[in-house]
Amino acid sequence: PSDEISKTWIYGLESRRGLAKVDYTKLDELVYFTGRYVLIYSHQKNTQKVFTCHRKDIAQVQLHRDSNTIVSAEVGDDPMIFVWSCESLVVQQSFQAIGSTTVSALSFSTEGTRILFIDENFVKNITLWDWKINEIIFRGLIDASIVFSCCLLAPDRFAIAADDQVKFWNKYHEGFTNKQAIWINNRQPEIVSAMTRTLTGDNLVCGSVTGALLLFHGHSCVRYISAHSGTITSIIQSRDGYITGSKDARI
14 PSDEISKTWI YGLESRRGLA KVDYTKLDEL VYFTGRYVLI YSHQKNTQKV
64 FTCHRKDIAQ VQLHRDSNTI VSAEVGDDPM IFVWSCESLV VQQSFQAIGS
114 TTVSALSFST EGTRILFIDE NFVKNITLWD WKINEIIFRG LIDASIVFSC
164 CLLAPDRFAI AADDQVKFWN KYHEGFTNKQ AIWINNRQPE IVSAMTRTLT
214 GDNLVCGSVT GALLLFHGHS CVRYISAHSG TITSIIQSRD GYITGSKDAR
264 I
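The sequence shown begins at 14 in the numbering used here and counts up by one.
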């Protein structure tokens, strides 16, 4: 038939991939995804906007702190990555990660021009992409069974939580090198499940599978707080501090 099916409303929330699932725009709209659609829902107006450019199921979505720019990435081989506006749904840049598989973690830089993403290959691909000029800044590998989270702390500095290690990557004249985290008072390494940068971008705040909150300065853990009784699944930065969510059903 010549007629096409139009979408009137899309139900559901993807809960199998990643940890942080829902975010808010500056207009107090909810951003979440299901299947190959990113949904932007206004509770006040009871309306829904749908981003439909993906042709495969979505693996990761992140909203930049400008509360408008979104990056979304797919599952499967050679996944597509889109940067777009949640207000207009207009694509600002797209990139096909040839040679990569499902994107397991991604992060915006503070100013929003660079995106770090890691795939689910047996030996994981690390890619640092400047989407404004559509240029790959760095591509490397990390040998890990699972990557939990990543965070761009500066344009050329990032942290990755994989297996039971946290590594900090920095750019030097010879390229990018990494250092393992140093733990406070010789504590046993924590498995980090979520991370975000501080407001200044200099330090890193992490949540662990034991429910602890960790503060890193440089690549050293300088503070440990027992916060939850279950795995911390998300950390959101706010003007008043940090909001954490956990499998202990507490915020």
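Where a beta carbon is used, it is the ideal one built from N, C-alpha and C, also for glycine.
Leu119 is not a Cβ neighbour of Val160, given a cutoff of 8 angstroms.
Taking Ala240 as the centre and dropping the five residues before and after it, the same chain places the C-beta of Gly224, Ala225, Leu226, Thr257 closer than 7 angstroms to its C-beta, in chain order. Taking a contact to require three or more Cβ pairs closer than 8 angstroms, the stretch 89-99 and the stretch 167-186 do not qualify as touching. In this structure, Cys99 places its C-beta atom within 8 angstroms of the C-beta atom of Thr38. Taking C-beta atoms under 8 angstroms as the contact rule, Ile173 and Cys163 qualify, at a distance of about 5 angstroms. Beta-bridge partners assigned by DSSP to His230: Asn216, Ser233. Considering only Cys219, Thr244, Gly243, Thr246, the residue with the shortest C-alpha distance to Ser233 is Cys219. The beta carbons of Val222 and Ser206 sit closer together than 8 angstroms.
Under the DSSP assignment, Arg200 falls outside any beta strand (DSSP E); it carries neither an H nor an E label. If you compare the alpha carbons of Val63, Glu42, Phe46, Lys69 with that of Ser19, the shortest gap goes to Val63.
Between Asn138 and Gly112, the CB-CB gap stays under 8 angstroms.
For Gln73, same chain residues with a beta-carbon under 6 angstroms away, outside a window of 5 residues either side, are Gly31, Ala86, Val116, Leu119 in chain order. Non-local beta-carbon contacts of Lys192 in its own chain, meaning distances under 6 angstroms to residues more than five positions away in sequence, involve Phe181, His232 in chain order. If you keep only unbroken beta strand (DSSP E) runs of at least 3 residues inside the stretch 78-144, you get 82-87, 93-98, 104-109, 116-121, 127-132, 137-143. Between Tyr54 and Leu43 a beta carbon distance of about 5 angstroms is seen, short of the 8 angstroms cut, so the two are scored as contacting.
Around the CB of Trp144, 16 or more other CB atoms lie within 10 Å, so the residue is classed as buried. Around the Cβ of Trp22, a 10 Å sphere holds fewer than 16 other Cβ atoms; the residue is exposed. Under the three-state reduction of DSSP output, Glu187 falls in the coil class, being neither helix nor strand. Val136 and Ala175 have their C-alpha atoms some 12 angstroms from each other. Counted as a single uninterrupted DSSP element, the stretch harbouring Leu40 is not any beta strand (DSSP E), since DSSP gives it neither H nor E. When Ala157, Gln178, Gly188, Thr126 are compared, the shortest CA-CA separation from Leu166 is found for Thr126. If you draw a straight line from the Cα of Arg200 to the Cα of Thr60, it comes to about 49 angstroms. Taking C-alpha positions only, Asp169 is separated from Leu154 by approximately 16 angstroms. A buried status is given to Gln75, since no fewer than 16 other beta-carbon atoms sit within 10 Å of its beta-carbon. In this structure, Lys69 lies away from Val51, with their beta-carbon atoms at least 8 angstroms apart. When beta bridges are read from the DSSP output, Gln193 appears opposite Lys180. Annotated three-state conformation of Ser158 is coil, per DSSP.
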